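88 is the number that numbering that gives the first Met the number 0 gives to position 89 of the sequence shown; each next residue is one higher, with no gaps.
The beta carbon of each residue, even a glycine, is placed where N, CA and C say it ideally should be.
Predicted model, so just to flag it, every value in this text is computed and none were measured.
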Amino acid sequence: MDLSHIFSPEKVNNGRQTAFDLCKTLCIILMILCHVFYAIKYSTTATLNPTYIAHNIVRLLGAQFFMFSMGMGLAYSRNSDAKGCLKRGIILLLTGYFLNFLREILPWMITGKYPMFAGIMTNDKFLMFLSCDILQFAGLAFLYFAVVKHFKWSNLKTFIITLFITVIGAFCTNEFTIKLTSENFYFSFIGLLIPIKNFTINDYVCFSFSNWIIYPVFGWLFGKVIQRCRNLDKFYLYLFLISAPIFLMAWASFDAVGRNMWLILMNPVVYHQQNPIILAVYLNIIAIAISIAHMFSNYFSKYKFWNIIKHFSSELPTLYIVSWIIIGWIGAWLKYNNKFLTKDSENIFFIFFLVVILSEIYIYFKNKYKKRKLEKVKILISKTQEEQTDSEIRQR
């Protein structure tokens, strides 16, 4: 197959990727919805199955696409050198622990009620501060890219080393059993790198580096491919025609050996501690999702409402952080007032929209403050230039 009409030796596609805007918007909506269930899970009425919505649908295009798009964003970033990646990695790590404090520890300190994962706090309140989440992983991923950039690894070398790390993570899964206490809290940092059982109340590390690094690396490599793509329509069509049959073949293969692939993918331990086979399936799902998103975005991106999609996509990190803080405080308030919401869709989506609206209010004032600050800087630069011009005129 001659692909010269699709790919170019030079970078020809540096514009905004509308397909990723759509997927990232869907990703953050699903993630916020998933997190809302943590705040209202004290319900006893099962009129709506929260496990199916929060833990199943979100797993098709949730955290893994968050990390995949992070890698692709790095491929398009102008500040992607080793120093820039190192700085972003440290900031993300610190932000992750600061988020733990704001959404979990601080609500408990004020209300005396722990918002979500009360079992961990019962054992040791200090340990929840050290829990590993997406931001901690993202920080480690950028530190990894800092190493890649510093030593100038080739794409192939980066890919091979990443696969090796992934295999190590697969072998470590369910092999290390450590009951985390304040006496051995340093294992929390080891858990950032490899999966450890009995690490949290859920008995596993959610996003260990070795299990998840494949996603940002694949996103980064995918971004490099897209940059040299002359014809995105044909590329995504071929990608869909390849990935969709592979997914159906994988499903049939699981059925052939008496395993239900859907139930396996939805298992929380399998999801958070993914082996190479499950990783391949999820990467295939990402390929299908991006291909379909490109088809939709080609048609809908010309309409005004697409600005909403672009907004959610560009504000994804802020929405993730702010929504989590709001959800944590809602959970603490519900427990403090002994509120037990039912799992009716009205309550679920009421809190979901409330969280989104409050997050958007914060983003509005944040952007307004940044705009004013930028205007002040421009005025200051303009005045400085005028003074320099006046000084030069006087000297003449």
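Per DSSP, Cys33 has no beta-bridge partner at all. The beta-carbon separation of Thr165 and Ile213, rounded to 5 Å, stays under the 8 Å limit for a contact.
Nearest to Glu359 by C-alpha distance, out of Ile325, Leu373, Leu238, is Ile325. Positions of the alpha helix (DSSP H) runs, each at least 4 residues long and wholly inside the stretch 282-336, are given as 305-313, 315-335 in order along the chain.
If only complete runs of 4 or more residues are kept, the stretch 72-117 shows the alpha helix (DSSP H) at 81-99, 105-110, in order along the chain. Distance between Gly138 and Met66, taken at the CA atoms: about 11 Å. Taking each of Ile362, Lys375, Phe128, Thr383 in turn and checking the Cα distance to Ile104, the smallest one comes out for Phe128. In terms of Cβ geometry, Ile320 and Leu98 form a close pair [threshold 7 Å]. As DSSP reads the structure, Cys228 sits in a beta bridge with Phe6. By the criterion of a C-beta distance shorter than 6 Å, Leu315 is surrounded in its chain by Lys23, Ile27, once the five residues flanking it on both sides are discounted. Here the C-alpha atom of Lys372 lies approximately 16 Å from the C-alpha atom of Tyr361. Note that the stretch 233-244 does not touch the stretch 73-85; fewer than 3 beta-carbon pairs, one per stretch, sit closer than 8 Å. Phe141 and Gly88 have their C-alpha atoms spaced approximately 5 Å apart.
By the Cβ neighbour-count rule, Tyr185 is exposed, with fewer than 16 other Cβ atoms within 10 Å of its own. DSSP places Asn210 in the uninterrupted alpha helix (DSSP H) bounded by 208-211. Rounded to whole angstroms, Ile31 and Ala279 show a C-alpha spacing of 25 Å.
The DSSP-derived three-state label of Ser130 is coil. Setting aside the 5 residues that flank it on each side, Ala169 is surrounded in the same chain by Asn274, Pro275, each with a C-beta closer than 7 Å to its C-beta; the list follows chain order. For Glu9, the closest alpha carbon among the candidates Cys228, Gly190, Cys205 is that of Cys228.
Between the C-alpha atoms of Val354 and Ile189 there is a straight-line separation of about 33 Å.
Annotated three-state conformation of Cys205 is coil, per DSSP. Tyr368 is not a Cβ neighbour of Gln63, given a cutoff of 7 Å. In this structure Arg58 is in contact with Leu264, their Cβ atoms being roughly 6 Å apart against a cut-off of 8 Å.
The residue among Asn366, His271, Phe304 with its C-alpha nearest the C-alpha of Leu318 is Asn366.
Looking from the CA of Leu134, the closest CA among Met71, Cys205, Thr161 belongs to Cys205. Taken atom to atom, the span from the alpha-carbon of Lys223 to that of His310 is near 24 Å. Of the other Cβ atoms in all chains shown, fewer than 16 fall within 10 Å of the Cβ of Tyr302; this residue is therefore exposed.
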